[in-house]
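So for the sequence shown, my numbering puts the first residue at 2; every next one is plus one.
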Amino acid sequence: MASGRELCYVLLSGIALCYLMTFVILAPPSPPTCALLRIGLGLGLCICYSAIFTKTNRISRIFNRGIKSIKRPSYTSPRSQIVICSGEWFVLLLLILLLLSLLLSLLLLLLLLLLLLLLLLLLLLLLLLLLLLIS
């Protein structure tokens with residue numbers, strides 16, 4: 002088989018993960034479901050694209066080598082292809098978690114700024130009330 006059974010299974014699992022995300026989309030919105038949706042859709046598509054990229058890369062390396070050498074091209078074994086795909090998934094998961102943490106920190110910062118603004122408005126109201134009582 003030119004494309005490799007293992008990469009076909011990886012592609013199938015990515016497609017299955019994308020289809021499973023429909024149940025998360027239909028679930029009532031909450032922070033865990035939104036985070037799961039963001040991670041799941043990105044990861045499902047990354048699994049599909051990484052399998053296709055690895056298949057294409059493997060075929061390209063095999064045909065570019067041609068009949069020049071008897072030795073097999075490097076990194077064309079099923080095990081090394083799964084390692085390449087897993088590395089791509091790991092990089093994507095790190096990026097998604099970084100973005101989620103940045104969004105969470107931005108939300109906390111925005112909440113803190115709103116709290117400070119409310120405190121400032123309360124102080125202003127107290128000052129106006131005090132000025133009205135004095136005069």
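Note that beta-carbon positions come from the ideal geometry of N, C-alpha and C, so glycine has one too.
Given a cut-off of 8 Å, decide if residue j and residue i are closer than it, judged by their beta-carbon atoms.
i   : j   : result
T55 : C86 : yes
E7  : I83 : yes
T77 : I63 : yes
I45 : V25 : Note that residue 45 corresponds to Gly in the displayed sequence, not to Ile. Result no, Cβ atoms of G45 and V25 do not sit closer than 8 Å.
L93 : G43 : yes
P74 : R66 : yes
Measure the alpha-carbon distance for residue i versus residue j and round it to whole angstroms.
i    : j    : result
G88  : Y20  : 23 Å
L100 : L120 : 30 Å
S106 : L122 : 24 Å
L132 : A36  : 49 Å
K69  : S31  : 58 Å
L104 : L128 : 36 Å
L124 : F91  : 49 Å
L111 : S102 : 14 Å
L109 : N58  : 43 Å
A28  : L95  : 25 Å
P33  : L126 : 39 Å
What whole-angstrom Cβ distance do residue i and residue j have, given they're in contact under 8 Å?
i   : j   : result
L38 : M22 : 6 Å
Heavy atom of the ligand COA less than 7 Å from the Cβ of residue i, yes or no?
i    : result
L101 : The model on display carries no ligand, and the ligand COA is accordingly not part of it.
For the region 41–57 against the region 102–119, are there 3 or more C-beta pairs whose distance is under 8 Å? no
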